[in-house]
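Q:
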Amino acid sequence: MRLGIVSARDVRSRGIGEEILRHIRSRYPEASVRTDFGPPPPEVLILVGDDRFLLEALRETAPETAVLTVGDGFLAEVPPDRAKDALQAVMKGRHWIETRLRLEVNADGRRLPPALNEVALGTRKGAGFLRYSLEVDGERVWRDGGDGVVICSPTGSTGYGLSAGGPVVMENAEALVVVPVCSADGQRPLVVPSRSTVAVTDIESRLGCDVVLDGSVRSRVRSSGFTVRASDNPARFVRLGEARYLRTFGKLRAKRSVPEVPVGAPPSAKFLFRLLSDQGPMTTRQITADSGLPERTVRNALAYLIREGLARRSPSLRDAREAVFGLRH
0 MRLGIVSARD VRSRGIGEEI LRHIRSRYPE ASVRTDFGPP PPEVLILVGD DRFLLEALRE
60 TAPETAVLTV GDGFLAEVPP DRAKDALQAV MKGRHWIETR LRLEVNADGR RLPPALNEVA
120 LGTRKGAGFL RYSLEVDGER VWRDGGDGVV ICSPTGSTGY GLSAGGPVVM ENAEALVVVP
180 VCSADGQRPL VVPSRSTVAV TDIESRLGCD VVLDGSVRSR VRSSGFTVRA SDNPARFVRL
240 GEARYLRTFG KLRAKRSVPE VPVGAPPSAK FLFRLLSDQG PMTTRQITAD SGLPERTVRN
300 ALAYLIREGL ARRSPSLRDA REAVFGLRH
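Numbering (my numbering), first residue to last: 0 to 328.
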């Protein structure tokens, strides 16, 4: 079997990845193994890291490759201490492949990288007001104003879409979810068939707008907007037999244990609270890049969340000079 293993760059993930690699070479010498995304693509690629890394790595993975995700995040198939058992199951053929719908985004004639979770429209300077029109298969559905709109896959319905008031959709459902963010006109979330093309057009904002894919890939959009449809290349995940929806709802219960941000909190603090809830612990540099907020605003919002007991600051394992900010559970 052709295997691959790629780890996030933090010390813990690298250590786990190196241990798995040594185990493969000693226990399964017949397997060919590579440690990058280059050709030829492996049959199974082991990805070690947090959800942010897994989403980034999936964009680099060949469409025909199945991924075994190792970590502690929402997208992980197995925790690190079960990685060797999972590898044994894969080598003995005791696994199956689940396909997950991904989103294809076209903006201004450009095809953006596929998104596993969601595509979000927001202002370039963070949580600002904008207006847009929504069309489904060429038919106008609404004209709305607010903080933005999120188009989710079933996988992404438990992330940003959920925090914005959208429904939880089972991963094997053939559907897309449209969730208005802080709608000024009272628009409600909309579920459409996965074969639909969703268009966001006539975008207006004095701040300028970006479309953000999976919380990390950011691209400017003009007033003409963008379209979203199901990609022809779904993501392929190695599964080991456990009913996926049971773990999904278990992890959702864990997410609900996180306290809610106060209603009267500054908009920037609410925005960063949602960002940290969806992406997990991040450095100030990562938060500034992903949110589009000025660094001073980010620092003030983080200080508010820490003061209210909603977030905590801890040293980065990658660089002792940096701090990592995450929500308190």
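We treat Cβ as the ideally placed atom computed from N, Cα and C, and that holds for glycine.
1. Assign Pro113 to buried or exposed, taking buried as 16 or more other Cβ atoms, counted over all protein chains shown, within 10 Å of its Cβ.
2. Can you name the start and end residues of the beta strand (DSSP E) that Asp136 belongs to?
3. Give the C-beta separation of Ile19 and Leu129 to the nearest angstrom, bearing in mind that I take them to be a contact with Cβ-Cβ under 8 Å.
4. In the DSSP assignment, find the unbroken alpha helix (DSSP H) run with Arg24 in it and report its ends.
5. Looking only at its chain, what residues have a beta carbon closer than 6 Å to the beta carbon of Gly127, apart from the 5 residues adjacent to it on each side?
6. What number of angstroms, rounded off, separates the C-alpha of Val69 from the C-alpha of Leu54?
7. For Glu42, I'd like the list of residues in its chain whose CB is within less than 6 Å of its CB, leaving aside the five on either flank, ordered along the chain.
8. Taking Arg93 as the reference, which of Arg238, Thr282, Thr154 has the closest Cα?
9. Got a sec? Which residues, its chain only, sit under 6 Å from Gly72 by beta carbon, not counting five neighbours each side?
10. From the DSSP output, read off the bridge partner residues of Ser6.
11. State the DSSP-derived secondary structure class of Arg1, mapped to helix, strand or coil.
12. Out of curiosity, what's the CA-to-CA distance linking His22 and Val66?
13. For the stretch 208-221 against the stretch 169-183, do three or more pairs of beta-carbon atoms, one drawn from each stretch, fall closer than 8 Å, so that the two count as touching?
14. Give a yes or no on whether the C-beta atoms belonging to Ile150 and Val118 are separated by under 8 Å.
15. Taking buried to mean at least 16 other C-beta atoms within 10 Å of its own C-beta, is Gly165 buried or exposed?
16. Once you ignore the five residues that flank Val148 on each side, which residues in its own chain have a CB closer than 8 Å to its CB?
17. Taking DSSP's pairing of strands, which residues face Leu326 in a bridge?
18. If we require 3 or more residues per run, which beta strand (DSSP E) segments fall completely within the stretch 69-105?
A: So, to answer that:
1. Start at 1 with the first residue of the sequence shown, and residue 113 comes out as number 114. When all chains shown are included, Pro113 counts as buried.
2. Along the sequence shown, one-based indexing puts residue 136 at 137. Counted as a single uninterrupted DSSP element, the stretch harbouring Asp136 is not any beta strand (DSSP E), since DSSP gives it neither H nor E.
3. In the sequence shown, residue 19 corresponds to position 20, counting from 1. In the sequence shown, residue 129 corresponds to position 130, counting from 1. With a Cβ gap of about 45 Å, Ile19 and Leu129 do not count as contacting.
4. Working through the sequence shown from its first residue, we reach residue 24 at position 25. First-last of the alpha helix (DSSP H) with Arg24: 10-26.
5. Along the sequence shown, read from residue 1 onward, the residue named residue 127 stands at position 128. Closer than 6 Å at the Cβ level, and outside the excluded window around Gly127, lie Leu206.
6. Indexing the sequence shown from 1 puts residue 69 at position 70. Indexing the sequence shown from 1 puts residue 54 at position 55. Each residue's Cα considered, the two are about 13 Å apart.
7. On the sequence shown, residue 42 is found 43 positions in, with the first residue counted as 1. Result list for Glu42: Met0, Arg1, in chain order.
8. What you label residue 93 is simply residue 94 of the sequence shown in a count that begins at 1. Per the Cα distances, Arg238.
9. Within the sequence shown, residue 72 is the residue found at index 73, counting from 1. Cβ within range, chain order: Asp49, Asp50.
10. In the sequence shown, the residue the question calls residue 6 occupies position 7. DSSP output for Ser6 lists Val47 as bridge partner(s).
11. Translated into the one-based positions of the sequence shown, residue 1 becomes position 2. Note: Arg1 maps to strand in three-state DSSP.
12. Here the question's residue 22 lines up with position 23 in the sequence shown. Here the question's residue 66 lines up with position 67 in the sequence shown. Computed Cα separation, rounded: 18 Å.
13. no
14. The residue labelled residue 150 in the question sits at position 151 within the sequence shown. The residue labelled residue 118 in the question sits at position 119 within the sequence shown. The answer is yes: Cβ separation under 8 Å.
15. For the purposes of this step, residue 165 is identified with residue 166 of the sequence shown, where counting begins at 1. Per the 10 Å Cβ criterion, buried.
16. For the purposes of this step, residue 148 is identified with residue 149 of the sequence shown, where counting begins at 1. Answer for Val148: Ala119, Leu120, Tyr131, Leu133, Val177, Val178, Pro179, Val180, Val199, listed in chain order.
17. Looking up residue 326 in the sequence shown gives position 327. Answer by DSSP bridge pairing, in chain order: Ala310.
18. 95-99
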